Amino acid sequence: MSVLASPAPPVFEIFEREGCRMVEMSCAEHNEMTTETQFLTHTIERVLAKLDLKLTLIHTKGYETLLNLVQNKCSDNYELYNGLIIYNKSTDVAFNCMKESFQCLHGIFREQLFDGSGRSFQ
């Protein structure tokens with residue numbers, strides 16, 4: 001009998017009581033989805049934490065949202081993040097895409113600063 005065909009282990013009940021929805025999927029599907037959601041979220045949270053953001057007298061709602069992300073990061077641990085990086089090979093692709101996006105944005109800033117062109121970030 002496969003693990004998926006057997007009744008859910010009691011530990012799953014803990015997650016269900018906390019409002020988690022258990023979804024049956026392959027390991028590959030799980031890794032792809034966690035790359036898109038958890039890796040991106042945890043990486044951005046850590047980048048923002050390194051910036052040491054502070055409340056200001058004239059901050060925006062968007063800035064408050066960023067501060068809330070940093071608070072969320074403080075409540076999780078590095079084991080989950082490290083596991084995503086070490087065991088989910090899709091994170092390398094996601095990290096490279098993020099890096100390329102920052103490089104593209106930096107290039108646009110430089111063009112606007114030195115060339116005066118108005119190319120948009122896409």
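Using the UniProt record's numbering, the first residue of the sequence shown is number 1, and each one after it goes up by one.
Ideal Cβ placement from N, Cα and C applies to all residues, glycine included.
All of these numbers come straight from a predicted model, not from anything done at the bench.
Exposure of residue i, with buried meaning 16 or more beta-carbon neighbours within 10 Å
i: residue 69; result: buried
i: residue 1; result: Caution is warranted here: a pLDDT of 36 is assigned to residue 1, below 50, making its placement in the model unreliable, and no coordinate value can be reported.
i: residue 106; result: exposed
i: residue 45; result: buried
i: residue 109; result: exposed
i: residue 3; result: Low confidence applies here, because residue 3 scores a pLDDT of 45, under 50, leaving its location unreliable and the question unanswered by this model.
Beta-carbon proximity list for residue i, same chain, < 8 Å, skipping 5 on both sides
i: residue 35; result: 84, 88, 90, 91, 93, 94
i: residue 56; result: 63
Beta carbon of residue i nearer than 9 Å to that of residue j
i: residue 80; j: residue 42; result: yes
i: residue 53; j: residue 67; result: yes
i: residue 33; j: residue 25; result: yes
Own chain, CB closer than 7 Å to residue i, minus 5 neighbours either side, in chain order
i: residue 65; result: none
i: residue 77; result: none
- Complete runs of the alpha helix (DSSP H) confined to the region 32-83 [at least 4 residues]: 40-50, 61-74
- Message: Could you tell me which whole alpha helix (DSSP H) segments of length 4 or greater appear in the region 85-120?
- Response: 90-114
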